[in-house]
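To start, the structure under review is shown below, and the notes come after it.
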Amino acid sequence: MSTQRPTPVSLTQVAGLPIGDEALAAEVSSGLERVEDLLRREVHSDYRFVADTSLHLIEAGGKRFRPLLTLLAAQLADGTSEDVVVAATSVELVHLATLYHDDVMDEAVMRRGAQSANARWDNTVAILTGDYLFAHASRLVSQLGPDAVRIIAETFAELVTGQMRETRGARGDDPVEHYMAVVAEKTGSLIATAGRFGAMFAGAAPEHVEALRRFGEIIGTAFQVSDDIIDIASPSGDSGKTPGTDLREGVATLPVLYALADDGPDAARLRELGVGEKEIADDAVVDEALGILRGSDGLHRARVALDAQADAARTELAGLPGGPARDALAALLDYTVERVG
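The working numbering numbers the first residue of the sequence shown as 5 and each following residue consecutively.
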């Protein structure tokens with residue numbers, strides 16, 4: 005007797021996310037196209053230079069992670085309305101604005117494979133372009149009503165607080181708690197708003213709106229922690245990111261902070277090398293630090309923290325209506341966790 009093999013599930017890639025339901029994939033793809041069109045229309049200016057600088061990062065591409073989450077959240081309720089598209093676009097404009105400002109603060113020369121705006125023009129142009137995008141994000145949100153205006157204002161405040169917290173450093177606070185607060189504010193807060201907006205403007209129940217807000221905050225934090233792990237653990241070229249980039253820039257990421265908290269000789273050597281305290285230009289020093297960190301308890305503890313975040317996110321998903329949209333959100337979470345290898 006022959007055994008019938010299961011029919012393979014056809015997966016459609018939407019913004020890099022495999023979605024098994026064709027109708028959902030088509031709906032989300034269409035929504036992303038509408039977001040892309042509105043992005044370009046929104047930053048139009050009669051002054052061509054402003055339009056050129058504003059389109060600089062839009063045309064450089066990107067994952068569109070935040071609009072994707074907004075659109076997926078909407079599919080748990082009434083789907084992609086015009087308000088949902090406006091909300092998704094406004095969140096992406098805020099994100100793009102922060103990138104212009106971040107590149108100035110970090111003195112970056114590249115962004116998304118292209119020359120950064122501050123390097124192509126200058127810091128003043130980059131800052132003003134970021135301000136222009138913030139202004140247009142606010143204008144879009146004003147179409148969605150006073151609650152949306154309040155939420156985006158609170159999100160602005162969290163983004164700025166996170167940047168201020170990062171700029172000043174721990175200053176006697178627990179370094180890990182300080183770092184996680186920075187990540188929650190700088191990354192998690194806007195992704196939380198993306199999920200919240202999608203549910204709100206699709207008419208989801210209040211408890212589902214809140215669950216998607218929490219899911220967004222958790223997955224935003226988890227994405228940063230997974231980046232921290234990849235920067236240390238991934239062999240060169242496997243992740244598309246050069247290992248040790250954060251070490252070279254003097255950034256004390258979560259695995260580094262955990263490793264430095266130990267009392268043994270490895271932690272002492274990391275401190276001697278200046279890991280997490282200063283920029284490191286010497287490749288040999290970076291390689292030595294990577295070798296120590298890859299065998300450290302700090303990397304293991306960061307993976308445990310990532311798993312705990314994933315469990316918390318799954319708890320939020322469990323309370324949402326079942327179906328293809330929830331499955332796609334679970335796939336987004338799985339991608340975030342599993343990409344660390």
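Ideal placement from N, C-alpha and C gives every residue a C-beta, glycine not left out.
Keep in mind the model is a prediction, meaning the values are calculated, not measured.
Is it buried or exposed for residue i, if we count other Cβ within 10 angstroms and need 16 for buried?
i	result
Val13	With a pLDDT of 39 at Val13, under the threshold of 50, the modelled position of that residue is not reliable, and the figure given next carries that caveat. Its Cβ having fewer than 16 others within 10 Å, Val13 is exposed.
Gly323	exposed
Pro150	exposed
Pro269	exposed
Ser34	exposed
Pro328	buried
His304	exposed
Val113	exposed
Asp25	buried
His48	exposed
Gly20	exposed
Quick one: what does DSSP say residue i is sitting in, helix, strand or coil?
i	result
Val290	helix
Gln147	coil
Ile284	coil
Pro22	strand
Thr340	helix
Thr133	helix
Thr16	strand
Arg175	coil
Ala209	coil
Ala64	coil
Asp331	helix
Ala256	coil
Ala112	coil
Ala78	helix
Ala322	helix
Ala265	coil
Ser243	Its pLDDT being 46, under 50, Ser243 is placed unreliably by the model, and nothing is read from it.
Leu103	helix
Assuming residue i and residue j make a contact with CB atoms under 8 Å, what is their CB distance in whole Å?
i	j	result
Ala141	Val88	Incorrect: roughly 15 Å between the Cβ atoms, too far for contact.
Leu100	Ile62	7 Å
Ala317	Phe219	6 Å
Leu76	Gly254	In fact, because the Cβ distance is near 36 Å, the residues do not count as touching under 8 Å.
Ala121	Asp110	That pair is no contact at about 12 Å.
Thr133	Tyr104	5 Å
Val260	Leu277	Val260 to Leu277, Cβ: 11 Å. No contact.
Tyr262	Ala226	Not a contact, Cβ separation roughly 16 Å.
From the options, pick the residue whose C-alpha is nearest to that of residue i; which is it?
i	options	result
Pro22	Asp331, Val344, Val260	Asp331
Tyr339	Glu46, Ala314, Pro325, Ser238	Ala314
Phe205	Ala112, Tyr262, Val255, Val145	Val145
Arg44	Thr16, Val255, Glu86, Ser94	Ser94
Arg38	Ser58, Leu59, Ile296, Glu86	Glu86
Arg70	Ala78, Ile236, Glu96, Ala55	Glu96
Glu189	Leu274, Leu163, Arg275, Gly207	Leu163
Asp301	Asp287, Glu40, Asp266, Asp291	Asp266
Gly207	Gln79, Leu36, Ala29	Gln79
Leu216	Thr74, Val32, Ala19	Thr74
Note down the Cα distance separating residue i from residue j, rounded to an integer number of angstroms.
i	j	result
Val341	Val229	9 Å
Gly166	Tyr136	21 Å
Trp125	Gly65	19 Å
Ala91	Val308	34 Å
Asp231	Ile195	16 Å
Leu297	Glu40	41 Å
Val279	Ala285	11 Å
Thr257	Gly192	16 Å
Gly176	Arg275	17 Å
Kindly say whether residue i, judged by its beta-carbon, lies nearer than 8 Å to any beta-carbon of chain C.
i	result
Arg45	The structure shown has no chain C; it contains just one protein chain.
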